[in-house]
Structure formats: C-alpha cells, structure tokens
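Numbering (the UniProt record's numbering), first residue to last: 1 to 332.
Ideal Cβ positions, reconstructed from N, Cα and C, are used throughout, including at glycine.
Note sheet for the following structure.
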Amino acid sequence: MPKIGDIQLPDFPLLLAPMEDVSDPPFRALCKEQGADVVYTEFISSEGLIRDAAKSVMKLDIYEKERPVGIQIFGANLDSMLQSVEIVEKSRPDIIDINFGCPVKKVVSRGAGAGILKDIDLMVSLTKAMVEHSNLPITVKTRLGWDDDSIKIVEVAERLQDVGCKAISIHGRTRAQMYKGNANWDPIREVKNNPRMHIPVFGNGDVDTPEAALKMRDEYGLDGAMIGRASIGYPWIFREIKHFFETGTHLAPPTMEERVDAARRHLQMSIDWKGEILGVFETRRHYTNYFKGIPNFKEHRMKMVTSDDSASVFAAFDEVMEKFGNHNFTLA
1 MPKIGDIQLP
11 DFPLLLAPME
21 DVSDPPFRAL
31 CKEQGADVVY
41 TEFISSEGLI
51 RDAAKSVMKL
61 DIYEKERPVG
71 IQIFGANLDS
81 MLQSVEIVEK
91 SRPDIIDINF
101 GCPVKKVVSR
111 GAGAGILKDI
121 DLMVSLTKAM
131 VEHSNLPITV
141 KTRLGWDDDS
151 IKIVEVAERL
161 QDVGCKAISI
171 HGRTRAQMYK
181 GNANWDPIRE
191 VKNNPRMHIP
201 VFGNGDVDTP
211 EAALKMRDEY
221 GLDGAMIGRA
231 SIGYPWIFRE
241 IKHFFETGTH
251 LAPPTMEERV
261 DAARRHLQMS
271 IDWKGEILGV
281 FETRRHYTNY
291 FKGIPNFKEH
301 RMKMVTSDDS
311 ASVFAAFDEV
321 MEKFGNHNFT
331 LA
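Below is the structure:
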C-alpha cells in the first residue's frame, strides 16, 4: 500500500484534486464523507501568502476531519516559495504540494504552474529547496509536458524523486492541450514502470467513472487516482468507485433527498466559511451536477444559479424536494 512520507494510505487511494474556487473546506468535507482518502486545498499563490493577501491566507484553513490534507502552493521564485512554506507549516497540513501543472494563462505567464515545464532544471531545484526547507512531505502535481514535443515526464519524475519528492500526481495532458481531447495515461504508466521509481505515482485526468478508475489501477498499474472535474457537484464519485472495486457492481445513484441534503449543507457551510455573498456565488457551479438528469428542471436550476441571497436558494431546494422528492429518477 502506498505511503506519502510516513502517511500510510489504503490500497489505490482516491485523491481530491486541488481546484481553484472548488476544493474549499465545505466541498472537501463532503468529498471526505463520501470516501476521498486524501484531499487538497485550492492552489495558493506563494506571492499572495507573502503579501498576506486575504484570499490566499483564507485558503490555509484546514480542519481535523479532513486529514490527511495537503496544502498546494504555486510560484516560480525560490525565496517566495521558501517563505510560503514557513507560512503554510503554521496551518499544520499533512502534506505540502507544489503545483507544476496549472495551465491557466495568468499563472503560466509568471513562469509558475505548467509554465515551469519549460524549465525543468528550475522545477527540480525548487522542489529540492522546498524539501530541504520543510519537515513535511513535499509532493508534486504536474502535467506530461509543455506540448507533445517536450514530453519528458519519465525523466522529470525520476529527478523529482531523487531530490526528495514523496509522491507525484500526473495529469495525462500537456499544457498545450489545456483540458481538450482525451487524457493520455500511457506516459504515466511509463513513469510507474520505471524500475528506479519507488514513490507513489498517482494518475489524474478523465477519471470520471468507476470503470476508468479500475482501468487506471488494473491496466496501468498506478498507485492511486486523483479526481478533479468529475467530483464537482458530485462528491458521490468516490463512494461509487470504492463500491465498484469491492463488488464489481454499480452503486445506486444518490437519491433526490441525498442530493438536496448535500446541496443544502454545501451552501450553508460555504456561507458559514466565506460569508453570504461569496458563499452563494461560489456554490453555484455545483448545482448542475447535483441535480443532473432530472427532466424539466431548468426553472429550478435557474433559481439556484441566479439568486443572490441564500434564502431564495434554500427555498428552491425546498421546492425541488416537494416536486421531485417522491419520484425515482435515474439521476446519474
């Protein structure tokens, strides 16, 4: 069974990917309840932490029920990254993860995230310095390469391991692909099959069904799966994969009551954590998937995603339960 430093994980753990404005404490709590083995914070700017920017500092909030939990930071300046490690350590995470994979232009243009894939030596030296600067396990999340002509992930993963990286999560796309096309897991398998590799190798990208997770485990031989977009508004993906692994059968999709309860709790936790305005606004992206597959639902969804006050959204949840609560839909 894989270990990240001294953290023992179950066989083929499921990890919640760090996602901007998604993997905050309320959503992480829901995913943890549904079987996520390791959860990661949204990625946090090292420069923002040093400036004491409110949004960056707020993302350091973690809770005991989440453990093991990793805080992910990004940046390309060595001094800033080392200072941010010292700030992050005060929040007592179990893991510090470095984002070498975010493809967003505003991050890449600063040489951070996937931008650092153009300078592998810097990627390795940053990782080495952070390992030497912290007693916490340092892990890395990255992509296959900058583009199809620069995929050197086998070599890169080995070099990161050699400077002390304790695990690596690899998204099966290049930066040039962004999120288009299909994820290519073949190079990730090559990393895992490298006889010199001994740290956990986690696969990421297009793990959106139990069958996909099983394929990543049994055909590609990876140590675990990191799940991102498939979990948005659908934390049940973790329990469904685990049920499929144990039984070979599909778990029944969540009932309407479960969906409304999750949406209601998600919204309330978000309001409690970040306030009414942001809590209402940043939870909207989840509602489409919370209620996916329900016929004639557009009117109710529009209320959820356009209302600016929580009372109206909670009222919309009540209407949904009243109208659909007794129906048996195939909701997945």
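| So, are the CB atoms of V163 and T139 less than 7 angstroms apart? | Mapped onto the sequence shown, residue 163 falls at position 163. Mapped onto the sequence shown, residue 139 falls at position 139. No. Outside cutoff.
In three-state terms, what does DSSP make of N296?
Working through the sequence shown from its first residue, we reach residue 296 at position 296. DSSP, reduced to helix, strand and coil, places N296 outside both helices and strands of the structure shown, so it counts as coil.
So, is Q72 buried or exposed, given that buried needs 16 or more other C-beta atoms within 10 angstroms? Residue numbering aside, residue 72 sits at position 72 when the sequence shown is read from its first letter. Around the beta carbon of Q72, 16 or more other beta carbons lie within 10 angstroms, which makes this residue buried.
Using beta carbons (cut-off 7 angstroms, strictly below), is G48 in contact with chain B?
Looking for chain B here will not work: only one protein chain is present.
Report task. Count the other CB atoms, across all protein chains shown, that sit within 10 Å of the CB of I237; report buried if there are 16 or more and exposed otherwise. Result -> Your numbering for residue 237 matches position 237 in the sequence shown. I237 should be labelled buried.
*Exposed or buried, which one is P25 when buried takes at least 16 other CB atoms within 10 Å?*
Counted from its first residue, the sequence shown places residue 25 at position 25. P25 should be labelled buried.
Can you name, in chain order, every residue of its own chain whose Cβ lies under 6 angstroms from the Cβ of F74, other than the five neighbours on each side? In the sequence shown, counting from the first residue as 1, residue 74 sits at position 74. F43, N99, A112 and G113.
Note to self: Alpha carbons only, please: which of K55, R92 and A53 is nearest the one belonging to E64?
What the structure shows: For the purposes of this step, residue 64 is taken as the residue at position 64 of the sequence shown. When each option's Cα is compared against that of E64, the closest is R92.
- Rounded separation between A332 and V108 - CA only: For the purposes of this step, residue 332 is taken as the residue at position 332 of the sequence shown. For the purposes of this step, residue 108 is taken as the residue at position 108 of the sequence shown. Because the pLDDT at A332 is just 47, under 50, the model does not fix this residue reliably, and the point stays unresolved.
Looking at C-alpha atoms only, which residue of L278, D261 and D272 is the closest neighbour of A316? The count along the sequence shown starts at 1 and reaches residue 316 at position 316. The shortest Cα separation from A316 among L278, D261 and D272 belongs to D261.
For the alpha helix (DSSP H) containing I277, name the first residue and the last one. For the purposes of this step, residue 277 is taken as residue 277 along the sequence shown, with counting starting at 1. I277 -> alpha helix (DSSP H) spans E276 to T283.
**Message:** Just list the residues that DSSP pairs D97 with in beta bridges.
**Reply:** Here residue 97 corresponds to residue number 97 of the sequence shown, with the count starting at 1. Its beta-bridge partners are Q72 and T139.
Practice prompt. Please look up how many angstroms separate the CB atoms of P2 and P200, rounded, as I've assumed it's under 8 angstroms.
Written response: For this step, residue 2 is matched to residue 2 along the sequence shown. For this step, residue 200 is matched to residue 200 along the sequence shown. That belief holds up - the Cβ atoms of P2 and P200 are roughly 4 angstroms apart, short of 8 angstroms.
| Taking the continuous beta strand (DSSP E) assigned at H198, which residues delimit it? | Here residue 198 corresponds to residue number 198 of the sequence shown, with the count starting at 1. First-last for H198: undefined, no H or E at that position.
Taking 6 angstroms as the limit between beta carbons, can you name the residues of its chain near Q83, skipping five residues before and five after? Reading the sequence shown from its first residue, position 83 is the one you call residue 83. Only I50 meet the Cβ criterion.
Next on the checklist: Do A230 and G205 count as a contact pair if the criterion is CB distance below 7 angstroms?
Outcome noted: Residue mapping note: residue 205 aligns to position 205 of the sequence shown, counting from 1. Residue mapping note: residue 230 aligns to position 230 of the sequence shown, counting from 1. Contact: no.
Pick helix, strand or coil for A332, following the three-state DSSP scheme. Along the sequence shown, read from residue 1 onward, the residue named residue 332 stands at position 332. The predicted model places A332 with a pLDDT of 47, which falls under 50 and marks its position as unreliable, so this point remains unresolved.
### Task
Using three-state DSSP, classify H171 as helix, strand or coil.
Within the sequence shown, residue 171 is the residue found at index 171, counting from 1. DSSP places H171 in strand when its eight states are reduced to three.
request  = Measure the C-alpha to C-alpha separation of I4 and E322 and round it to an integer number of angstroms.
outcome  = In the sequence shown, the residue the question calls residue 4 occupies position 4. In the sequence shown, the residue the question calls residue 322 occupies position 322. One C-alpha to the other measures close to 46 angstroms.
In whole angstroms, give me the CA-to-CA distance for I153 and G172.
Here residue 153 refers to the residue found at position 153 when the sequence shown is read from its first residue. Here residue 172 refers to the residue found at position 172 when the sequence shown is read from its first residue. One Cα belongs to I153, the other to G172, and the distance between them is close to 10 angstroms.
- Query: Quick one: what's A225 bridged to in DSSP?
  - Reply: As a working mapping, residue 225 is identified with position 225 in the sequence shown. A225 is bridged by DSSP to L14 and G203.
- Task: Give the single residue among R284, H243, H133 and S310 whose Cα lies nearest to the Cα of E86.
- Result: If you number the sequence shown from 1, residue 86 lands on position 86. Distances from the CA of E86 to each of R284, H243, H133 and S310 were compared; the closest alpha carbon is that of H133.
Practice problem: Express the C-alpha separation of Q8 and M226 in angstroms, rounding to a whole number. | Solution: Here the question's residue 226 lines up with position 226 in the sequence shown. Here the question's residue 8 lines up with position 8 in the sequence shown. Distance from the CA atom of M226 to the CA atom of Q8, rounded to whole angstroms, is 17 angstroms.
Requested in this report: Quick one: measure Cβ to Cβ for L136 and I96, integer angstroms, because I've assumed they're closer than 8 angstroms.
Outcome: On the sequence shown, position 136 is the one that residue 136 refers to. On the sequence shown, position 96 is the one that residue 96 refers to. Yes, they are in contact, since the Cβ atoms of L136 and I96 sit about 5 angstroms apart, within 8 angstroms.
Inset, instruction - Give every residue of the same chain whose Cβ lies closer than 8 angstroms to the Cβ of H243, excluding the five residues on either side of it in the sequence, and list them in chain order. - result: Against the sequence shown, residue 243 aligns to sequence position 243. Shown here for H243: same chain residues with a beta carbon closer than 8 angstroms to its own, the five before and five after excluded, namely P210, T249, H250 and L251 in chain order.
*Whose C-beta lies closer than 7 angstroms to the C-beta of K59 among residues of the same chain, with five residues either side of it excluded?*
Sequence index remark: in the sequence shown, residue 59 carries index 59 (1-based). T41, E42 and I44.
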